[in-house]
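**Student:** In the working numbering, the protein residues as written are 32 to 231.
We put the beta carbon where it would ideally sit given N, CA and C, even for glycine.
This is the structure I want to talk about, given as structure tokens.
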């Protein structure tokens, strides 16, 4: 009887390890699809408060027209369950043409978490999402606000280390993709509609 209990214990432990490994593999697979560049409606907005010439305080909410977001995998490996990213939200109306954010991301048991260290109020989890790597679409909702979003894949990269340098030196500070087009072309694997140009 003791032998059977030991065997069952070993089988249970093996099943537990396999199930945990499966979760990690699924998280890395999700991370590999997430890694890359996306463009679309991420459901972003901001409130702007000002005083009128009569002294009244008014708060207006401005909703972004588009978001351009890039997810970098950890240590430049495509199969990673975490990383960091940059996000540009574009606005047609209001005092800001765009707002820019840095964030960290992680996939844990299928839940995608976004942590914005400087703008902590934006930190959230992505729930009820669907990613299709064949057509490059990412649909889901943000926890808390229940804001729904739809993004399409703009580009996927083969050499993340080189791309990090290109993006940091050229693209992010001035959105100057035109300065590094050839270098970026060399790093692109699947350019669905790479570097979609937002409104002028």
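My assumption, with CB atoms under 8 Å, is that residue 71 sits in contact with residue 173. Please give the rounded CB distance.
**Tutor:** To locate residue 71, count along the chain shown from 1; it is residue 40. To locate residue 173, count along the chain shown from 1; it is residue 142. Their Cβ separation, rounded to whole angstroms, is 14 Å, which puts residue 71 and residue 173 out of contact at 8 Å.
**Student:** Going by beta-carbon coordinates alone, are residue 167 and residue 160 separated by less than 7 Å?
**Tutor:** Locating residue 167 in the chain shown gives position 136, where the first residue counts as 1. Locating residue 160 in the chain shown gives position 129, where the first residue counts as 1. Going by C-beta atoms, residue 167 is not nearer than 7 Å to residue 160.
**Student:** Consult DSSP for residue 61 and reduce its assignment to one of helix, strand or coil.
**Tutor:** Numbered from 1 along the chain shown, position 30 holds the residue referred to as residue 61. Of the three classes helix, strand and coil, the one that applies to residue 61 here is helix, per DSSP.
**Student:** Evaluate residue 89 with the Cβ neighbour count: other Cβ atoms within 10 Å of its Cβ, from every protein chain shown; 16 or more gives buried, anything less gives exposed.
**Tutor:** For the purposes of this step, residue 89 is taken as the residue at position 58 of the chain shown. Per the 10 Å Cβ criterion, exposed.
**Student:** How long is the line joining the alpha carbons of residue 149 and residue 63, rounded to whole angstroms?
**Tutor:** Numbered from its first residue, the chain shown carries residue 149 at position 118. Numbered from its first residue, the chain shown carries residue 63 at position 32. Roughly 26 Å separates the two Cα atoms.
**Student:** Shortest alpha-carbon distance to residue 177 belongs to which of 67, 83, 158 and 162?
**Tutor:** Residue mapping note: residue 177 aligns to position 146 of the chain shown, counting from 1. Residue 158 is the option with its Cα nearest to residue 177.
**Student:** With H, G and I counted as helix, E and B as strand and the rest as coil, what does DSSP make of residue 187?
**Tutor:** Against the chain shown, residue 187 aligns to sequence position 156. In the structure shown, residue 187 sits in coil (DSSP, three-state: anything other than H, G, I, E or B).
**Student:** How long is the line joining the alpha carbons of residue 182 and residue 79, rounded to whole angstroms?
**Tutor:** Here residue 182 corresponds to residue number 151 of the chain shown, with the count starting at 1. Here residue 79 corresponds to residue number 48 of the chain shown, with the count starting at 1. Their backbone Cα atoms lie some 26 Å apart in a straight line.
**Student:** If you run the structure through DSSP and keep just helix, strand and coil, what is residue 97?
**Tutor:** Indexing the chain shown from 1 puts residue 97 at position 66. Here residue 97 sits in strand by DSSP.
**Student:** With a 10 Å radius around its C-beta and 16 neighbouring C-beta atoms as the bar for buried, classify residue 66 as buried or exposed.
**Tutor:** Translated into positions along the chain shown, residue 66 becomes position 35. Classification of residue 66: buried, given that the 10 Å Cβ count is 16 or more.
**Student:** Quick check: the Cα distance between residue 111 and residue 137, rounded to an integer number of angstroms?
**Tutor:** For the purposes of this step, residue 111 is taken as the residue at position 80 of the chain shown. For the purposes of this step, residue 137 is taken as the residue at position 106 of the chain shown. Cα to Cα, the separation comes out at about 9 Å.
**Student:** Helix or strand or just coil, what does DSSP make of residue 56?
**Tutor:** Your numbering for residue 56 matches position 25 in the chain shown. Three-state DSSP puts residue 56 in a helix.
**Student:** Here's the rule: buried if 16 or more other CB atoms are within 10 angstroms of the residue's CB, otherwise exposed. What is residue 99?
**Tutor:** For this step, residue 99 is matched to residue 68 along the chain shown. Flag for residue 99 reads buried.
**Student:** For residue 108, count neighbouring C-beta atoms within 10 Å of its own C-beta (all shown protein chains included) and say buried if the count is 16 or more, exposed if not.
**Tutor:** Along the chain shown, one-based indexing puts residue 108 at 77. By the 10 Å Cβ count, residue 108 comes out exposed.
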